[in-house]
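-16 is the number of the first residue of the sequence shown in the working numbering; add one for each residue after it.
Positions of the beta carbon are idealized from the N, C-alpha and C atoms, including for glycine.
Have a look at the structure below before the remarks.
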Amino acid sequence: MKRFMAFVRKEFLHIFRDFRTLIILFGIPAAQILIFGYAVRTDLKDAGIAVLDNAGDGVSKELTQKIEASEFFYVKKHLNSYEEIDEAFRQGEIKAVIIFPGQIAASVAREGSATVSIIADGSEPNTASLVTGYITGIVSDYSSSLTSAVTSSLPLIVPEVRMYFNPGLESHFMFIPGVITLILILICALMTSVTIVREKEYGTMEVLLVSPLKPWQIIIGKVTPYFFLSLVNVIVILLMAWFVFGLPVRGSIPLLIAGCMLYILLGLAIGILVSASTSKTENAVFISLLTLMLPTILLSGFIFPIENMPKVYDYVSMALPPRWFVEIIRAIMIKGAGFAYIWKETAILAGMTLLIMVISARRFKTRLGEEGR
């Protein structure tokens, strides 16, 4: 028994002396609790909306004030015409538009009721359902207060809900662009890193080092097949989305392919960077999955709206390429937006791609030099 206890004590000492093991045991669970606790939220907070007030009377102003006074919404835009609605949604700045008909107070007094239109951005079905539900609740509460004042049993203001871009609130309108985002960066980074690390494990990297090929030629030669295969992957996924789920590309297909090519280059650069940081296949797989999968799912806006998260998570997500690609691909596929609406996200993604490519190329070249000695 003493020998057994001594053995157990030795194992405890090994664990406590290994910093990486402690990180896995205690650091990762704590980080996941914090991330899931704040990121996985099904409530709504500070969602931007627009108001098109054709009435300008007391009822429309009071109702707008009640909506804005809640913690759920803030009025980001006051529209002047119906033509501005499409522009506001394509810019991605608002989640819903509230339309007050002309002379709403007079309609209530004369006809006994009036309709307020609520148009939500259906490209994110979960958020759209929350937004319309909360606005409908506020409108119903306000209508009840008016009903009590006039001792009527019928609602005086009736909310009429419509969905923009996705009238049926189909969930695959949200998930398919996100799945493309996740698949591309995982496949590109994982396969590139594993392939290069496997060369080191098998000892064939030394053969490449003594060949006439220059380091940059080795890098480009390694990633070129995965670049074109990933493009084929994109085309297959888009065709499946169209024929299986009925999700067409409403915007420019060449623009979408160009955005995917940029994102693929980014994923390949990340894979090269990972391969330059380790010499074991299992480490390459672990690093790729740990650093890419969870952040992409939780902090990219793929499933959970970023605006519902604490500000610090918003800032962290800005450093993650998937956040910007999700916005690009949703804008093109679902909203039919052109380059004028996604130039900022594209520029940020291009800058990240260039930065990571430079860092990974230098790191890989340095690693090749060390192994060649």
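- prompt: Tell me which same chain residues have a C-beta within less than 8 Å of the C-beta of Leu377, skipping the five on either side of it?
  reply: In the structure as shown, the chain begins at -16 and stops at 356. Residue 377 is therefore absent and cannot be evaluated.
task: Give me the Cα-Cα distance between Val257 and Phe228, rounded to the nearest whole angstrom.
output: So the alpha carbons of these two residues sit roughly 35 Å apart.
task: Could you name the residues that DSSP lists as bridge partners for Glu143?
output: In DSSP, Glu143 forms a bridge with Ser100.
message: I need the boundaries of the beta strand (DSSP E) containing Gly31, first residue and last residue.
response: Residues 30 to 36.
message: Taking 8 Å as the threshold (C-beta atoms), are Val99 and Ile140 in contact?
response: Contact flag set, yes.
- request: Return the CA-CA distance between Pro278 and Ala302, expressed in angstroms with no decimal places.
  value: Going from the Cα of Pro278 to the Cα of Ala302 covers about 11 Å.
field: Residue closest to Ile362, alpha-carbon to alpha-carbon, out of Met174, Gly254, Ile201
entry: No information on residue 362 is available, as it lies outside the stretch -16 to 356 that the chain covers here.
- request: Determine the burial state of Val180: buried for a count of at least 16 other Cβ atoms within 10 Å of its Cβ, exposed for fewer.
  value: Around the CB of Val180, 16 or more other CB atoms lie within 10 Å, so the residue is classed as buried.
message: In whole angstroms, give me the CA-to-CA distance for Arg346 and Phe156.
response: Going by C-alpha positions, Arg346 is about 39 Å away from Phe156.
task: Could you tell me how far apart the beta carbons of Asn149 and Ile317 are, in whole angstroms, since I believe they sit closer than 8 Å?
output: That belief holds up - the Cβ atoms of Asn149 and Ile317 are roughly 7 Å apart, short of 8 Å.
Gly234 versus Ile159, Ile247, Phe322, Val217, residue with shortest Cα-Cα distance: The residue with the shortest Cα to Cα distance from Gly234 is Phe322.
Outcome for Ile77 when other beta-carbon atoms lying within 10 angstroms are tallied against a minimum of 16: Looking at its Cβ environment, which holds 16 or more other Cβ atoms inside 10 Å, Ile77 is buried.
- request: Would you list, in sequence order, the uninterrupted alpha helix (DSSP H) runs of no fewer than 4 residues that lie entirely inside the segment 211 to 244?
  value: Every candidate alpha helix (DSSP H) stretch fails here, since none sits fully inside the segment 211 to 244 while reaching 4 residues.
message: For chain C, check one thing: does any of its Cβ atoms lie closer than 8 Å to the Cβ of Ile6?
response: Checking the listed chains, one finds no chain C in this structure; it contains a single protein chain.
- request: Mind checking which residues open and close the beta strand (DSSP E) that includes Ile81?
  value: Looking at the DSSP string, the run of the beta strand (DSSP E) that includes Ile81 is 79 to 83.
message: In whole angstroms, give me the CA-to-CA distance for Ala33 and Ala314.
response: Roughly 19 Å between the two C-alpha positions.
task: Please work out which residues of its chain come closer than 6 Å, Cβ to Cβ, to Lys183, disregarding the five sequence neighbours upstream and downstream, and give them in chain order.
output: Annotation for Lys183: Ser262 place their beta carbon closer than 6 Å to its own, counting only its chain and skipping 5 residues before and after.
task: Could you name the residues that DSSP lists as bridge partners for Tyr185?
output: Beta-bridge partners assigned by DSSP to Tyr185: none are found.
task: Indicate the three-state DSSP secondary structure (helix, strand or coil) for Tyr65 in the structure shown.
output: Three-state DSSP puts Tyr65 in coil, outside helix and strand.
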